[in-house]
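Visitor:
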C-alpha cells in the first residue's frame, strides 16, 4: 500500500505491544456446523452454517457464518453469504487479522476469501462483518465433473474497533464487485482467474 506504515508508526509509539511481535498463539476451538453442500470446493446446492467459539492467548473469538447455494436452472448457481465475528479480551494484531472458520482460518477483512479487490487484511479490527453475492454460469459443462464458468460477484464488509458492538449494518461498508473465470475439474480442483474493482482500484 502507498504511504507510511500504520503498523510501524503504532509499534514505535507503543500502541502495539512489542512483546506481541512476533506473536505465538495457542488456541482451543469448538463449534457447531451444519453442511448440506454436495461439494466443499465448488458447491451447486445446499447450505453451510457454523457457530464457533475460540479461546487464544489473552483473547476470545465468537464467529457465525451462513452460506446458501441454489440452482434455479442446470447451468446457473446463485450464492449468498453472511458472516460476523467478535473478539473479547486483548487480541493482538496478528489475531485480529484472521477470521475463524471450521474449514480453516482466513485473512480478513480484505483478500480473496473475504473482500475481493482489496489487499489481504486491508481492514483490521476486533469485530468483522462480511456479506457477498455470486452468480456462476457454466458455459461448458460435462455433467458436474468438468465445468468452465463465468462468475459475477459483489462483496461487502467492514471491521469494528474497540468499544464498537458487532452488528448488522449498511453503514461503513467497504464494497467491491467484479468477475471471474473458473475451471472445475472433478470434485476437488478449482482454478480461478478474476478481477475486482473497489474504491481503491482494481485487483
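Residue numbers (the numbering used here): 613 to 815. Don't be surprised by glycine CBs; every beta carbon is placed ideally from N, CA and C.
Which two residues bound the contiguous alpha helix (DSSP H) that contains residue 619?
Guide: Its alpha helix (DSSP H) spans residues 618 to 625.
Visitor: Distance check for residue 763 and residue 684, CA to CA, integer angstroms please.
Guide: Approximately 15 Å between the Cα atoms of the pair.
Visitor: Determine the closest residue to residue 668 out of 651, 711 and 732, with distance taken between C-alpha atoms.
Guide: Considering only alpha carbons, the answer is 711.
Visitor: Identify which residue in 765, 801 and 770 has its Cα closest to the Cα of residue 851.
Guide: The displayed coordinates of the chain run from 613 to 815. Any statement about residue 851 would go beyond what the structure contains.
Visitor: When we look at the beta-carbon of residue 803 and count the other beta-carbons within 10 Å, is it buried (16 or more) or exposed?
Guide: The residue in question, residue 803, is exposed, as its Cβ has fewer than 16 Cβ neighbours within 10 Å.
Visitor: Check residue 630 in the structure and name its three-state DSSP category.
Guide: Looking at residue 630 - three-state DSSP - the assignment turns out to be helix.
Visitor: How should residue 754 be labelled, buried or exposed, when 16 other C-beta atoms within 10 angstroms of its C-beta is the threshold for buried?
Guide: When all chains shown are included, residue 754 counts as exposed.
Visitor: Spatial neighbours of residue 703 within its chain, please: CB distance less than 8 Å, with the 5 preceding and 5 following residues excluded, ordered by chain position.
Guide: For residue 703, where only same-chain residues beyond five positions count, the Cβ hits under 8 Å are 668, 670, 671, 673 and 738.
Visitor: Would DSSP call residue 764 helix, strand or coil?
Guide: Residue 764 falls in the strand class under three-state DSSP.
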